[in-house]
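What follows is one structure encoded as structure tokens, with my remarks underneath.
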């Protein structure tokens, strides 16, 4: 994937139209009939009134011969970009690690989150700890390399770098397997704590669904 430098991610509906339908002279009606979905779904997707769902991604990937992850990653990059645009001002006020160890009480989580992560980490086998550390080290190195190659100042640039990192991980089955094992064995928070990079939160948000696969 080419990393865009100064533009937001493209909506998957626009990519569907410009890169798939128009070049092959496929109409929206023909596509809808071919993948067994209502015409309205395709029309709303192309007009950016809806996003790509897992079901639609599977049907598109079957028809065009690519992967469902291709379509879902496009959708995820689009959504992350717009959420970050909305939250950027508030996110910039959060300092890394300033609340680590502080008690947190919500309707779902009670107690010392950092302490629970560390206690959980201590229950892993030495092999699991080693695997988590190795996977985290590789991801940190990848993020550092991409951050040196591409700018990461604007929200669009950060999203683009994370998208490229995700693509590179997916193209490396062994690394992806180690990441999934680390997420499953250590949990999202432990894996996140093991990576020291400002883009780690965005990356984890993009890949944490892998552990459910």
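Numbering (our numbering), first residue to last: 5 to 217.
Built from N, CA and C at the ideal position, the CB exists for glycine as well.
Computed from a predicted model, the values in this text were never measured in an experiment.
(request) Check whether the segment 138 to 146 touches the segment 185 to 200, counting contact only when three or more Cβ pairs, one atom from each stretch, lie closer than 8 Å. (result) Verdict: yes, contact present.
(request) Leaving out five residues on either side along the sequence, give the residues of the same chain with a beta carbon under 6 Å from the beta carbon of residue 84. (result) 163
(message) Using a Cβ-Cβ cutoff of less than 6 Å, which residues in the same chain neighbour residue 63 once the five nearest sequence positions on both sides are dropped?
(response) 39
(message) Looking at the secondary structure, which residues open and close the alpha helix (DSSP H) in which residue 61 lies?
(response) 58 to 68
(request) Give a yes or no on whether the C-beta atoms belonging to residue 61 and residue 132 are separated by under 8 Å. (result) no
(request) Quick one: using the 10 Å Cβ neighbour count with 16 as the cut-off for buried, is residue 102 buried or exposed? (result) Low confidence applies here, because residue 102 scores a pLDDT of 47, under 50, leaving its location unreliable; read the following figure in that light. When all chains shown are included, residue 102 counts as exposed.
(message) What does the alpha-carbon distance come out to for the pair residue 34 and residue 23?
(response) 16 Å
(message) Using a 10 Å radius around the Cβ and a threshold of 16 neighbouring Cβ atoms, would you call residue 191 buried or exposed?
(response) buried
(message) If I measure Cβ to Cβ from residue 169 and keep anything under 7 Å in the same chain, skipping five residues before and after, which residues do I get?
(response) 146, 147, 150, 207
(message) Quick check on the DSSP output: the alpha helix (DSSP H) that includes residue 86 runs from which residue to which?
(response) 72 to 95
(request) Could you name the residues of the same chain whose beta carbon sits closer than 6 Å to that of residue 49, not counting the 5 residues immediately before and after it, in chain order? (result) 17
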